[in-house]
């Protein structure tokens, strides 16, 4: 990636105006915005010379320029890290080539750490466009449009922006998107959505990955993945991959299209300070984790069935309640499966990241520490393997540290395609009753893919399973359920956030801009998390 010290350059460029953004059909984006730096991005339609303009005014008066090159080795994507920027300031940028000129992008740098300013942002994740002819099935991705209209200081795209395992367009080789070229094609597909392009150009974006940028429930050390793609209808097959190669190829394509700060040692773990009241922490929950507890047959129930137990950490009384929907729940979970989930030798963040994160968040002087969390850390019990619940020892270790050492922590999460708000309890249904941590997690999404309700219905083969799970379990207070404060399993959604010196306020919104409605028929929030 090139580096551009903005203040050291001389204003030079004048490119003819063009309203058509010719030559740059996938738009522009800014990312990793900090107090004095940011990354700007585009993709040229053809390889060749590209010129970047950056200015303090939308007219591009006194713009500075940098000559770049779009090449096939990066699929014609171009990105530059700007440095030497003024904190708390607005910047405009665009790109030009012989074919024409891109649309204009804008971003705002973070204010100084001493600034007592309100900060507004939104987050969502999980977008799976399925092409029907020339259109995307989940178009027009109204969630992105609503986030863009909010005029936020920045936005967060928290993973699963592509799905490498739900499209048959590569059936001539394998229905899964496994190669760099196939993953690049998936990114171009999602950037066909005008609403996402508009969101990326309207403000700085923090990009993050989750599992589907790789494969479902991905871990580097895992080699076998069950998938319905390429299997007869109603059946699954096991695809075997080289986990390290898949990781390298997926990271390359992700970094080309979703500009982010990455290193081999830290993955995409990083943090950003936005004034006196907010520090954002982004956890990398893919690069360093142990293989899932369900890797191999140890969690199969019944043994040898090839089907993992659906709720191995739930008390047997709650499992029995849903045995009519999922018959294997009538029997206890495999003991070896439960032991693997609780094994302290298994890691989620990896020891280096866990140490770096706990040290940094303890030292943070920001009023609120907001953790952008790929996967839920609250207890849900259903299908826990990929989430923090599937790595129980590290979950407990982290929660204990935060509870004992850090005030004003909030987790913001996506992944499960549902809106779920609750205290991140140490335990909920386990022996001795619930024990709160005092830390709130707010989970939202999806931006546009199958919802959690649809997933539950499909898993059980029962069209009422999602509604039953919501009314008979998720919303029921302990000891009958986790007592989720807001539980909506079937709405395209995002979270709108305001951070001040006094509180973090979160409103959950649907694709039309209305409040997300909980299982009780009432709006979910807004949730006000006051300073302690």
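Residue numbers (my numbering): 240 to 771.
Cβ coordinates follow ideal geometry from the N, Cα and C atoms, glycine included.
DSSP places residue 271 in no beta strand (DSSP E); its state is neither H nor E.
In the DSSP assignment, residue 428 falls within the alpha helix (DSSP H) that extends over 419-429. If you draw a 10 Å sphere on the C-beta of residue 443, you find 16 or more other C-beta atoms in it, and that means buried.
A distance below 6 Å between beta-carbons, with the five flanking residues on each side excluded, links residue 709 to the following residues of its chain, in chain order: 726, 728, 758. Beta-carbon to beta-carbon, residue 595 and residue 486 are separated by about 20 Å, too far to satisfy the 8 Å threshold. Spanning the alpha carbons of residue 419 and residue 489 requires a straight line of approximately 7 Å.
Three or more beta-carbon pairs separated by less than 8 Å link the segment 667-686 to the segment 732-749, which places the two stretches in contact.
Distance between residue 607 and residue 701, taken at the CA atoms: about 42 Å.
For residue 477, the number of other beta carbons within 10 angstroms of its own is below 16, and it is reported as exposed. In this structure, the beta-carbon distance from residue 552 to residue 615 does not fall below 9 Å. The criterion of a C-beta distance shorter than 9 Å is satisfied by residue 650 and residue 612. Contact between residue 263 and residue 293 is ruled out by a C-beta separation of about 16 Å, above the 8 Å threshold. Per the coordinates, the alpha-carbon of residue 647 lies some 15 Å from the alpha-carbon of residue 514.
Apart from sequence neighbours up to five positions away, the residues of its chain that approach residue 306 with a beta-carbon distance below 6 Å are 290, ordered along the chain.
It is roughly 31 Å from the alpha-carbon of residue 724 to the alpha-carbon of residue 355. A Cβ-Cβ contact shorter than 9 Å links residue 732 with residue 382.
Straight-line measurement puts the Cα of residue 324 at about 14 Å from the Cα of residue 296.
When secondary structure is reduced to three states using DSSP, residue 662 falls in the strand class. Closest option to residue 689, judged by alpha-carbon separation, among 405, 304, 345: 405. The secondary-structure analysis by DSSP pairs residue 280 across a beta bridge with 268, 318. In terms of Cα proximity to residue 437, the closest of 468, 579, 343, 332 is 343. DSSP, read as helix, strand or coil, puts residue 697 in helix.
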